[in-house]
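Student: With my numbering as the guide, the letters of the sequence shown map in order to residues 376 to 535.
Structure in structure tokens, see below.
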Amino acid sequence: MIKNNLETVVEENKVTYKKYFDVSVDLLFEVWSKPEHLMEWWGPDGFTLTIKSLDFSNGGIWEFIMHGPDGHDYQNKIQFINIHKPKSILYKHIGDGEGDEDVNFQSRIIFEAAGEGTNLIMEQIFSSKQELERVNEKYGAIEGGKQHIGNLAKYLEKIK
């Protein structure tokens with residue numbers, strides 16, 4: 376991975392984002408797992424976050440609202456499937472928490488020690504290539520993922 380660059384690969388039903396961060400594995404894992412950090416960077420550009428509930432444990436549920444720059448609120452519900460501190464987080468986006476399951480996918484976040492820093496690998500896995508294309512067309516998922524990682528990078532610069 377090239378320092379300070381984001382590598383994005385789309386293949387079939389999966390989008391993979393890779394980026395090197397000049398922070399420890401422990402700090403990078405922490406900003407993915409604690410609400411006080413998540414509120415500061417989660418989501419694409421211009422979005423803010425309200426956390427309704429967060430149970431960061433295997434099987435736990437995270438419900439939150441992403442407030443878009445257009446004034447629209449996006450309800451979200453995530454279930455954590457496998458948390459392996461500080462190596463990886465696997466979760467499933469299971470709709471909006473209010474019965475709308477329009478967007479369902481799994482995300483695998485991998486934290487790899489790399490010298491003085493950490494390689495972050497974020498995989499978003501959809502049920503099919505067509506589903507990935509639909510979600511990308513409707514919500515701009517791939518660009519949103521890039522902005523998501525970009526906002527993480529900006530936040531880490533502030534706190535490291």
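A virtual CB, placed ideally from N, CA and C, is assigned to each residue, including glycine.
Fair warning: this is a prediction, and the values are worked out from it, not measured in the lab.
1. Going by the DSSP bridge assignment, what does W437 pair with across the sheet?
2. Using the C-alpha atoms, what's the distance from M414 back to D448?
3. Helix, strand or coil for H539 per DSSP?
4. Quick one: complete alpha helix (DSSP H) runs, 4+ long, within the segment 461-528?
5. Just verifying my parser: in three-state terms, what is the DSSP assignment at D401?
6. Which whole-angstrom value is the C-beta distance of N388 and K504, which I expect to be below 8 Å?
7. Can you tell me whether K409 is helix, strand or coil according to DSSP?
8. Is A516 closer than 9 Å to K394 when the C-beta atoms are compared?
9. Starting from F422, trace the beta strand (DSSP E) both ways and give me its first and last residue.
Tutor: The answer reads as follows:
1. L429, I453
2. 15 Å
3. Here the chain comprises residues numbered 376 to 535, so residue 539 is not present and cannot be evaluated.
4. 504-514
5. helix
6. 5 Å
7. coil
8. no
9. Segment: none, F422 is in no beta strand (DSSP E) and carries neither H nor E.
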